[in-house]
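Read top to bottom, the protein sequences are chains R and S. For the first sequence, this note's numbering assigns the number 9 to the initial residue and increments by one for each residue that follows. For the second sequence, this note's numbering assigns the number 3 to the initial residue and increments by one for each residue that follows. These notes are about the structure you will find just below.
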Amino acid sequence: MSDYILEMKNITKTFPGVKALDNVNFKVKRGEIHCLIGENGSGKSTLMKVLSGVYSYGEYSGDIVFEGDVQKFSHISDSEKVGIVTIYQELALIPELTVYENIFLGHEIKKGRFIDWEETIVRAKEMLKKVRLNINPSVKIKDLGVGMQQLVEIAKALSKNVKLLILDEPTAALNEDDSENLLKLIKELKEHGVTCILISHKLKEVLEVADSITVLRDGKTICSLDATKDEITENIIIKNMVGREIDDIYPKRNNKKFGEKVLEVKNLNAYDTNLGREILHDVSFNVRKGEIVGIAGLMGSGRTELALSIFGNSKGYRVNGEIFVNGEKKKFLKPKDAIKAGVAYVTEDRKGNGLILIDDIKSNITLANLKSLCEKGFINENEEIKVANEYKASLKIKAPSVEQKVGNLSGGNQQKVSLGKWLFARPYVLILDEPTRGIDVGAKYEIYTLMNTLVKEGMSIVMISSELPEVLGMSDRVYVMSEGRIVGELPIEEATQEKIMELATN
Amino acid sequence: MDFLYEVKQLLKQNIREYGMYIALAVIMLIFTFGTGGLFISSRNISNLINQTGYIAVLSVGMTLVIVIRHIDLSVGYVAGFLGALIAILLTKYALPVPLVILIALALGLLIGLFNGYLISGVGIPAFVATLAGMLAFRGALLLATEGTGTIIIPQKSFNAIGNGYIPDIANIRGVHVLTIIIGTLAILFYIYSEFKTRKNKLKYNFEVISKQMFVLKLIFISAIIAYVTWILSGYNGLSWTVVIVIIVVALYHVITTKTSLGRHIYAVGGNPEAAKLSGIDVNKITLIVFGSMGLLAALSGILYTARLQSATTTAGTLFELDAIAAAYVGGVSAAGGVGKITGSIVGALVMASLINGMNLMGVGISYQYIIRGAVLAAAVIFDVKTRNKSK
């Protein structure tokens with residue numbers, strides 16, 4: 009038997025008009041953690057879909073050799089049968105079912121014709137122990153946090169006797185603690201003989217766990233690095249990913265000039281009637297003209313809730329407090345009021361509540377400010393295309409035309425459409441919620457540059473972010489949130505990762 | 003660019019849209035041959051279109067309801083009940099026809115708004131809320147016709163809505179001249195607007211289809227309008243029903259494709275959360291869409307009652323399902339956010355042609371239902387299969 013558990017040879021996969029994978033070679037050694045990285049749209053996900061049988065044999069060309077045999081999967085269940093299990097970014101758990109039901113979903117343990125629930129629960133407990141999750145297997149998935157859900161997914165994979173585990177950005181939605189926990193677990197699994205393919209955008213964690221690294225760019229294998237032998241740095245990886253060197257991920261701004269306070273929030277409280285508790289306590293903050301204010305904090309510290317409460321309170325919290333825009337007191341009862349007053353909110357969840365995926369680029373970009381394109385009540389469609397084309401060019405949205413469906417774009421390009429939409433609404437204040445989540449280094453850099461241009465032109469930006477380097481690299485001033493309160497305000501000169509974490513965790 | 007290549011590309015890109023028109027054409031051809039030309043005769047086509055009227059207006063409203071991810075099961079019996087109410091107001095109380103029509107439309111609007119309120123304001127699933135409405139209005143219809151049974155409507159002016167034709171200025175050898183004039187105007191208007199659109203696009207330096215293609219398209223569409231006009235003018239000309247349907251379709255087509263209200267409706271259907279955060283009032287849109295559905299249900303009731311010249315105890319039965327079927331055949335997506343008004347009208351015509359053609363051919367009623375079911379399934383399968391490939 010060869011040294012490699014998996015060899016994918018000369019894989020080519022084309023979609024109408026695009027060559028998503030072009031002669032890709034990908035080899036994974038037995039018992040290693042192999043990180044697969046590349047910009048969005050570089051073909052990582054497609055490659056993994058080929059491997060797991062989402063695209064069945066015949067839809068691609070090339071060979072998959074797993075454990076020495078050529079495999080011809082025509083369905084996910086085929087790849088799972090030989091021990092290849094994928095955990096997707098969007099978790100595939102059923103919220104209303106219990107943990108043990110979820111773990112054995114699709115391969116239930118049966119006694120005769122019926123499910124053996126006792127055995128199921130016993131086995132589920134074993135699996136949970138393996139992933140070091142100390143919970144009652146009878147709780148429902150919806151009652152667990154994202155971090156725990158991720159572990160349940162891994163438990164589910166283990167229950168299928170996994171040999172090769174594929175994790176697609178497992179830490180994208182996790183906070184630092186949960187991420188660390190997960191990475192530790194992956195290393196442990198390695199010791200127990202589980203080979204792991206990890207797709208991640210977080211280069212730091214890649215360097216931490218990887219034994220090998222394969223970089224894809226534009227559907228081609230750029231290089232395979234052996235992390236156990238060679239010294240690998242973030243710079244080397246980035247260079248291979250984008251095909252050029254990025255000197256500084258966070259572009260600098262010169263001649264900073266701040267004007268009057270554009271948005272000021274005073275003593276904002278919010279009560280979530282669904283949860284039955286107060287989620288924001290006495291929050292006050294402000295942002296000045298031409299300033300980028302960062303809001304840091306852990307997952308669940310109330311940052312998104314704060315943004316939503318300001319932005320017309322679409323979740324229907326009970327909110328009280330004062331909001332001033334350009335010194336004028338405002339009351340935002342619905343998002344429309346906030347938009348009218350010049351406040352825009354770019355959501356963290358662009359697929360869920362940011363974009364209309366089945367619509368094209370142009371109608372997404374113009375949606376929040378359609379009125380400005382109307383003449384005598386009718387939309388000027390030619391003007392609309394023109395506007396959309398302008399944003400497509402200035403934001404460097406990569407797509408054949410503005411009539412392309414947004415659902416077909418990569419994450420980074422979707423985020424640019426989302427930004428374009430709110431820029432077209434011409435706000436004074438732009439609230440960006442996790443503006444670079446799940447997008448690649450190249451697109452990140454473009455978005456940072458854009459942010460700098462915007463504030464230079466006089467806009468103000470409130471940036472909510474879980475990535476501390478981003479907060480430190482981009483902000484002029486940092487607020488730290490914890491448990492629904494602002495627990496600190498730091499000028500950028502005084503802010504450090506340690507200080508922020510200390511405030512956020514106390 | 004190679005002309006044939008362009009034709010191929012256009013067909014490929016718009017297969018979803020053209021598919022329905024092609025299906026309609028094929029069905030009509032089959033029946034024309036199957037009935038030895040009887041199907042395509044002036045008299046039959048005129049009848050066919052008039053019979054479709056009350057389902058066609060319902061399917062227009064239903065399209066929008068399905069686009070925003072809801073359903074309205076109550077429309078059939080709302081139409082039936084309002085029809086009975088109209089009959090009572092006209093016979094028992096002898097109110098003038100225009101007033102009765104206004105009352106019916108207003109009531110329909112109110113019923114629709116009430117449905118919309120239950121769904122958006124109270125948060126009841128549309129299926130349940132309108133199922134309740136369906137039961138309640140069925141009862142109301144029975145109550146209204148209790149004792150009298152079928153109510154015959156004597157007013158000729160009312161019945162003309164379902165059976166009458168536009169007056170003629172001069173009838174030359176059995177050809178309806180006003181119809182010809184209207185058809186000609188329609189063609190001229192069509193050509194004018196196409197030229198205007200093209201000119202505008204060129205002004206913006208946008209890509210347009212090649213000149214040959216453009217001319218071919220103009221000739222093709224104009225020929226279809228001319229042919230339909232010619233057929234209709236051979237038998238009494240345009241009916242009032244057709245005029246009403248054309249007005250409704252034109253109005254809704256313009257609203258859905260050219261106004262921000264229309265765009266907002268599709269946005270709500272595509273992703274309600276994103277629509278909300280884009281400043282769109284989702285509840286308001288839901289109210290508007292259900293209000294319009296109620297209004298069109300009333301119109302459907304008017305058309306149906308006028309056509310039968312009476313209100314019956316079973317009026318409105320299964321209208322809602324016919325309208326839903328028409329919408330789905332016309333390419334509306336159950337997942338929301340997708341579906342055209344024109345598509346649903348073609349869908350309604352497809353379903354009506356099937357019934358009409360099979361009746362002419364003497365196909366048994368049991369087979370008719372099976373064939374209609376098969377066509378509905380085939381249309382949706384086609385839709386699903388082509389969805390992922392387009393663009």
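Glycine residues also receive a C-beta, built at the ideal position from the N, C-alpha and C atoms.
Interface with chain R (8 Å Cβ-Cβ cutoff): R265 of chain S is included. Membership of P100 of chain S in the alpha helix (DSSP H) is indicated by the continuous run V99 to G118. For S262 of chain S, the chain R residues whose Cβ falls inside 7 Å of its Cβ are L378, K379, C382 and I387, in order along the chain. Contact of T54 of chain R with chain S is not assigned, every C-beta pair being separated by 8 Å or more. When R:L193, R:K323, R:S232 and R:I92 are compared, the shortest CA-CA separation from I45 of chain R is found for R:S232. By the Cβ neighbour-count rule, H83 of chain R is exposed, with fewer than 16 other Cβ atoms within 10 Å of its own. Around the beta carbon of P443 of chain R, 16 or more other beta carbons sit within 10 angstroms, so the residue counts as buried.
The beta carbon of L476 of chain R is closer than 8 Å to those of A304, Q505, I508 and M509 in its chain, skipping five residues each way along the sequence. In this structure, L91 of chain S sits near L97 of chain S, with a CB-CB distance shorter than 8 Å. The beta-carbon separation of Y325 of chain R and I287 of chain R, rounded to 7 Å, stays under the 8 Å limit for a contact.
Here T243 of chain S is near G164 of chain S, since their CB atoms are less than 8 Å apart. Here the alpha carbon of I304 of chain S sits roughly 17 Å from the alpha carbon of V251 of chain S.
For L92 of chain S, the uninterrupted alpha helix (DSSP H) run begins and ends at V77 to T93, by DSSP. Counting along the chain, no alpha helix (DSSP H) covers K342 of chain S, and no H or E run does either.
Under a 10 Å Cβ-count criterion, I447 of chain R is classified as buried, with 16 or more other Cβ atoms of the shown protein chains found around its own Cβ. With a threshold of 8 Å between beta carbons, D283 of chain S makes contact with chain R. Residue contact with chain S for I369 of chain R: absent (no Cβ-Cβ distance below 8 Å to any residue of chain S). In the three-state reduction of the DSSP assignment, K339 of chain R falls in the coil class. Within 10 angstroms of the beta-carbon of K164 of chain R lie 16 or more other beta-carbons, which makes it buried.
With a threshold of 16 other beta carbon atoms within 10 Å, K119 of chain R falls short and is exposed. Using a Cβ-Cβ cut-off of 9 Å, G428 of chain R is close to nothing in chain S; its nearest Cβ partner there is about 13 Å away. Secondary-structure assignment with DSSP links S48 of chain S through no beta bridge to anything. Just so you know, the alpha carbons of I205 of chain R and V170 of chain R end up roughly 12 Å apart. Considering only R:R140, R:I41 and R:V32, the residue with the shortest C-alpha distance to S50 of chain R is R:V32. Taking a cut-off of 8 Å on C-beta distances, the segment 275-287 of chain S touches the segment 356-366 of chain R, as three or more cross pairs fall below it. Here E501 of chain R carries a coil assignment [DSSP, helix/strand/coil].
Looking at the DSSP output, T106 of chain R shares a beta bridge with R:K148. With its beta carbon less than 8 Å from one in chain S, P343 of chain R belongs to the interface. Within the same chain, and ignoring the five residues on either side of R71 of chain S in sequence, the residues whose Cβ sits closer than 7 Å to its Cβ are G271 and G338.
Under the 8 Å Cβ criterion, the segment 377-384 of chain S counts as touching the segment 326-338 of chain S, having at least three qualifying pairs. Looking at the DSSP output, S69 of chain R sits in a beta bridge with R:T20.
Looking at the DSSP output, E330 of chain R sits in a beta bridge with R:K274. Remark: C-beta atoms of A352 of chain R and G320 of chain R do not approach each other more closely than 8 Å. Listed along chain S are A276 and L279, each with a C-beta nearer than 8 Å to that of G362 of chain R. When DSSP assignments are scanned along the segment 200-233 of chain S, no uninterrupted stretch of alpha helix (DSSP H) that is 4 or more residues long falls wholly within it. A check of alpha carbon separations from A235 of chain R across R:V217, R:D226, R:N248 and R:V250 identifies R:V217 as the nearest.
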